[in-house]
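A.B. asks:
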Amino acid sequence: MDPPQLTLWVSTSSNNQSPGPSADMDQQDFQEFTEGAVMFNVSASEDLYIGISAPTINPKYFSGIYNFKVAASTDAPYFSYDESSEADLIWVDSDASAALLMTHNLTTSTDEAVDQQVMSTEPYVMFAQNDQDRSISGLRYSYCGLTNYAQIAAVRNGKFASMVTTGMTRRGAGNLPKQQFYFSGLNASTNYAGILARNTATSTTSVGAGGHVFRATNFTTKSQGGNCAVVFNLTFCDEVAYAVPSNNNTFPNATLLANFYDDFAQEMYSNFEKNLAQIQCEAESTQRYSLVRNCSQCAEAYKAWLCSVTIPRCEDFAKEDSYLWPRAITQPFPDKSTLSQSVIESIQNNKTSGVDSSRLPRIDEFVKPGPYKEVLPCEDLCYNIVQSCPASLGFSCPQPGMIGFDQSYGRRSEEDANGVITCNYPGSAHFFSSSALVSIPWVTMTLAASLMALVLL
54 MDPPQLTLWV STSSNNQSPG PSADMDQQDF QEFTEGAVMF NVSASEDLYI
104 GISAPTINPK YFSGIYNFKV AASTDAPYFS YDESSEADLI WVDSDASAAL
154 LMTHNLTTST DEAVDQQVMS TEPYVMFAQN DQDRSISGLR YSYCGLTNYA
204 QIAAVRNGKF ASMVTTGMTR RGAGNLPKQQ FYFSGLNAST NYAGILARNT
254 ATSTTSVGAG GHVFRATNFT TKSQGGNCAV VFNLTFCDEV AYAVPSNNNT
304 FPNATLLANF YDDFAQEMYS NFEKNLAQIQ CEAESTQRYS LVRNCSQCAE
354 AYKAWLCSVT IPRCEDFAKE DSYLWPRAIT QPFPDKSTLS QSVIESIQNN
404 KTSGVDSSRL PRIDEFVKPG PYKEVLPCED LCYNIVQSCP ASLGFSCPQP
454 GMIGFDQSYG RRSEEDANGV ITCNYPGSAH FFSSSALVSI PWVTMTLAAS
504 LMALVLL
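Position in the sequence shown (from 1) plus 53 gives the number in our numbering.
1. In three-state terms, what does DSSP make of N228?
2. Judging by CA-CA distance, which residue of F313, L429, Q232, L446 is the nearest neighbour of I143?
3. For a test of the three-state rule: what should DSSP assign to L359, helix, strand or coil?
4. Out of Y134, D55, P479, which has the shortest C-alpha to C-alpha gap to D291?
5. If we count Cβ pairs, one from each stretch, closer than 8 Å, do we get three or more for the region 185-197 versus the region 215-227?
6. For Y196, report the span of its alpha helix (DSSP H) as first-last.
7. Using the C-alpha atoms, what's the distance from A226 back to H157?
8. Looking only at its chain, what residues have a beta carbon closer than 6 Å to the beta carbon of S410, apart from the 5 residues adjacent to it on each side?
9. Alpha carbons only, please: which of G247, G454, S445, R464 is nearest the one belonging to E432?
10. Where do the ends of the beta strand (DSSP E) carrying Y177 lie?
11. Are the region 348-360 and the region 368-386 touching by the rule of at least three beta carbon pairs closer than 8 Å?
12. Just confirm the distance between the C-beta atoms of L59 and F115, as a whole number of angstroms; I'd bet it's less than 8 Å.
13. For the region 454-464 and the region 261-269, state whether three or more C-beta atom pairs, one from each stretch, are separated by less than 8 Å.
14. So, is V345 buried or exposed, given that buried needs 16 or more other C-beta atoms within 10 angstroms?
15. Tell me the rounded alpha-carbon separation between A90 and I248.
16. Keeping to the same chain, check which residues put their C-beta closer than 6 Å to that of Q182; ignore five residues upstream and five downstream.
17. On the DSSP bridge list, what partners appear for C367?
18. Decide if F419 is buried, meaning its Cβ has at least 16 other Cβ atoms within 10 Å, or exposed.
19. Under 8 Å between the Cβ atoms of N477 and P430?
20. For a test of the three-state rule: what should DSSP assign to N68, helix, strand or coil?
21. Please return the same chain residues whose Cβ sits closer than 8 Å to the Cβ of A207, not counting the five positions on each side in sequence.
22. Helix, strand or coil for F484, going by three-state DSSP, please let me know.
23. State the CB to CB distance for the pair T274 and T308, rounded to an integer number of angstroms; the pair is presumed to be in contact (CB under 8 Å).
24. Classify Y131 as helix, strand or coil using the three-state DSSP reduction.
25. In whole angstroms, what separates the C-alpha of Q333 from that of R341?
26. Would you be able to state if there are at least three C-beta pairs under 8 Å between the region 67-74 and the region 91-111?
27. Could you give the residue range of the beta strand (DSSP E) that holds E85?
28. Where does the unbroken beta strand (DSSP E) through A307 begin, and where does it stop?
29. Does the CB of D184 have a neighbour CB from chain D at under 8 Å?
30. What three-state label does DSSP hand V145 in the structure shown?
31. Run the CB neighbour count on I438, radius 10 Å, all protein chains shown included, and call it buried at 16 or more, exposed below.
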């Protein structure tokens, strides 16, 4: 049961200077708060009278007092929230104790000055809440309520919290500015709500400075004792941001693990560059290997494929989705436990090969993750190399139905539009929305109020 909400009352009549539930209903308007906040538009040329009323609460279920703030503006809501059907925050990936999320593109401007200005700011903060924790019930659209009572807050008392790391990135769609959030210290196998809000730390007097709260994004952590860890901000494979096969015993922190994968990919790419250097990339168009593709496109295609192949996207072994491929099933987990022989034999009988080890032997040799499941690279990454690179480099791809295809590549699916990642590709994430921008709704004359807290028993 959520706490009952306050009600905002507004009067423009001098005959009703104390609007509320006991006043003449013909001389006032009212609107109930929604999840701790309310926005009300009104046209007025004379005095405006405002009242806030509290409901009768059952002491059996609730105790405490209501706290609220009220602001009026002729420009835009001082406090605001977004009830749109699309979430403005993207769940990138998670492991057993951490999650990575990011905004959509914050601008589509091609103006370098605008781009740099956006990249120099961190305009948003974020809150995370365990679905089983009721501390923000009835407060999900209240910026001050979230700041004070959310289980994990990016900003608490005006300071950034230690469990949240945020920064700007160009990773993903369009190479355009986005803000990302990395939450640590989460519980395993737990559903969370991630709530994005506009940062109000820079000003309390500007338009909308009371805070704007966006619709929540749901995300889930992986299982306890799992062998997948989120890595991001890699130097070479800069589009990689997801959970990879891991082992806390061999790589005790994510930075070391990320470097292990990234350094090897860069080494392999250096070998490719030597071969590409033998191609007449700068020759006259009639002497080039293709009239529609060039060496730069070949290099981009190879890098996208290489990073996805050498840095596998990892999922819990217990997940049973058909697009996942089991790896390293005969090896021990980091805690030394192993799969039962019957499980191993069942998988080996169903999958003819590619299950006893990881895609790359060095993962089992150095990381030693034990059994996990891989989100296979998308088949089009391989096809793009063949289409973009000179035939003399000898690239070829297995086709669906051929030996080796099922254990090497995945295929995009209609499920991808519902937040499912059926195959891995640079910039992949759990996309539920096609929106490219975080948009702020503006109105002309607005009253706004934000409820801070009602403590649950």
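Beta carbons: idealized from backbone N, C-alpha and C, even for Gly.
Everything numeric in this text was worked out from a predicted model, so none of it was measured.
C.D. replies: Reading it off the structure:
1. Within the sequence shown, numbered from 1, the residue matching residue 228 stands at position 175. Helix.
2. Position 90 of the sequence shown, counted from the first residue, corresponds to residue 143. When only C-alpha atoms are compared, the closest one is Q232.
3. Counting from one through the sequence shown, the residue named residue 359 turns up at place 306. Helix at L359.
4. As a first step, residue 291 must be located in the sequence shown, where it is residue number 238. For D291, the closest of Y134, D55, P479 by C-alpha to C-alpha distance is P479.
5. no
6. Against the sequence shown, residue 196 aligns to sequence position 143. Segment 196-202, the alpha helix (DSSP H) holding Y196.
7. Along the sequence shown, one-based indexing puts residue 157 at 104. Along the sequence shown, one-based indexing puts residue 226 at 173. The straight-line gap from Cα to Cα measures roughly 8 Å.
8. Here residue 410 refers to the residue found at position 357 of the sequence shown. The answer, listed in chain order, is A381, D417.
9. Stepping through the sequence shown from its first residue, residue 432 is reached at position 379. Among G247, G454, S445, R464, the Cα nearest to that of E432 belongs to R464.
10. Counting from 1 along the sequence shown, the entry for residue 177 is found at position 124. Run containing Y177: 177-183, per the beta strand (DSSP E) assignment.
11. Contact check between the region 348-360 and the region 368-386: fewer than three CB pairs, one atom from each, fall below 8 Å, which does not count as touching.
12. By 1-based counting over the sequence shown, the position of residue 59 is 6. By 1-based counting over the sequence shown, the position of residue 115 is 62. Wrong, their Cβ atoms sit about 13 Å apart, outside the cutoff.
13. no
14. Counting from 1 along the sequence shown, the entry for residue 345 is found at position 292. The residue is exposed, with fewer than 16 neighbouring Cβ atoms inside 10 Å.
15. For the purposes of this step, residue 90 is identified with residue 37 of the sequence shown, where counting begins at 1. For the purposes of this step, residue 248 is identified with residue 195 of the sequence shown, where counting begins at 1. Spanning the two alpha carbons is a distance of roughly 15 Å.
16. Indexing the sequence shown from 1 puts residue 182 at position 129. I189, A203, Q204, A246.
17. Taking the first residue of the sequence shown as position 1, residue 367 is located at position 314. BP columns for C367 point to E427.
18. One-based indexing of the sequence shown puts residue 419 at position 366. Exposed, since its Cβ has fewer than 16 Cβ neighbours within 10 Å.
19. The residue given as residue 477 occupies position 424 in the sequence shown. The residue given as residue 430 occupies position 377 in the sequence shown. Result yes, Cβ atoms of N477 and P430 sit closer than 8 Å.
20. Here residue 68 is taken as the residue at index 15 of the sequence shown, counted from 1. Coil.
21. In the sequence shown, the residue the question calls residue 207 occupies position 154. Contacts found: V178, M179, F180, F213, A214, V217, T219, F234.
22. The count along the sequence shown starts at 1 and reaches residue 484 at position 431. Note: F484 maps to coil in three-state DSSP.
23. Within the sequence shown, numbered from 1, the residue matching residue 274 stands at position 221. Within the sequence shown, numbered from 1, the residue matching residue 308 stands at position 255. That belief does not hold up - the Cβ atoms of T274 and T308 are roughly 20 Å apart, past 8 Å.
24. For the purposes of this step, residue 131 is taken as residue 78 along the sequence shown, with counting starting at 1. DSSP places Y131 in coil when its eight states are reduced to three.
25. The residue you call residue 333 lines up with position 280 of the sequence shown. The residue you call residue 341 lines up with position 288 of the sequence shown. Rounded to the nearest angstrom, the two C-alpha atoms are 7 Å apart.
26. yes
27. On the sequence shown, position 32 is the one that residue 85 refers to. Run containing E85: 82-85, per the beta strand (DSSP E) assignment.
28. If you number the sequence shown from 1, residue 307 lands on position 254. First-last for A307: 307-329, but that is the alpha helix (DSSP H), not the beta strand (DSSP E).
29. Here there is only one protein chain, and chain D is not present.
30. Residue mapping note: residue 145 aligns to position 92 of the sequence shown, counting from 1. Three-state DSSP puts V145 in a strand.
31. For the purposes of this step, residue 438 is taken as residue 385 along the sequence shown, with counting starting at 1. Answer is buried; the Cβ neighbour count reaches 16.
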